[in-house]
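Report on the structure given below.
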């Protein structure tokens, strides 16, 4: 892919196993990027390319987030990693379910529950797409305040991660 890699906002995919979350979610969004022709279509490899190789600026944001969330009783990224050390995960995101075309990651917390779907949408007539869909359900006021605070950053991070992965052909480096 080139530096003109495009990430587009999409309607959340109805074929996702996450679709039952859409109706009662406080946030649902979905973004897509083209999978280059001939690219590895292993959904775990694609997920690792998207979530496991964040931009340096994201690491700075995550460090700030970790300091702030302690004030609200939310888990830090290190606590999430440690809590899920035994299970399968990508970075600090626990893998909840997987099949050949979709990986569902997420966590339930006292303040909010979130799910991420990484879905490989295969096409016979055009390029395959990778869709990153997020659904969040807030459990209380603290969850709603937290979600409102991070929403703009969330959108920037998802777009950036998809764009960075697409530029490298979704190859894990």
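In the working numbering, the protein residues as written are 1111 to 1283. Note that beta-carbon positions come from the ideal geometry of N, C-alpha and C, so glycine has one too. Being a predicted model, the structure only gives us computed values, none of them experimental.
| Item | Value |
| --- | --- |
| Taking the alpha helix (DSSP H) that residue 1148 belongs to, which residues open and close that run? | Looking at the DSSP string, residue 1148 is not in any alpha helix (DSSP H), and its letter there is neither H nor E. |
| On the three-pair Cβ rule with 8 Å, is the stretch 1244–1257 touching the stretch 1221–1234? | yes |
| Just list the residues that DSSP pairs residue 1118 with in beta bridges. | 1142 |
| Tell me whether residue 1281 sits in a helix, a strand or coil according to DSSP, three-state version. | coil |
| Return the CA-CA distance between residue 1132 and residue 1215, expressed in angstroms with no decimal places. | 15 Å |
| Can you tell me where the beta strand (DSSP E) holding residue 1203 begins and where it ends? | 1203–1208 |
| If we ignore side chains and look at the alpha-carbon of each, how far apart do residue 1260 and residue 1236 end up? | 34 Å |
| Among 1231, 1271 and 1220, which one has its Cα closest to the Cα of residue 1248? | 1220 |
| According to DSSP, residue 1218 sits in a beta bridge with which residue or residues? | 1223 |
| Roughly how far, in whole angstroms, is the beta-carbon of residue 1163 from the beta-carbon of residue 1274, given that I think they are within contact range, below 8 Å? | 7 Å |
| Cα-Cα, which of 1134, 1142 and 1138 is closest to residue 1231? | 1142 |
| Ignore the nearest five residues each way along the sequence and tell me which others in residue 1186's own chain have a CB closer than 7 Å to its CB. | 1176, 1179 and 1180 |
| Tell me whether the beta-carbon of residue 1149 lies closer than 7 Å to the beta-carbon of residue 1282. | no |
| Which residues bound the beta strand (DSSP E) around residue 1242? | 1239–1248 |
| Three-state secondary structure (DSSP) at residue 1213? | strand |
| With the cut-off set at 7 Å, would you say residue 1161 and residue 1240 are in Cβ contact? | no |
| Helix, strand or coil for residue 1232? Go by DSSP, reduced to three states. | coil |
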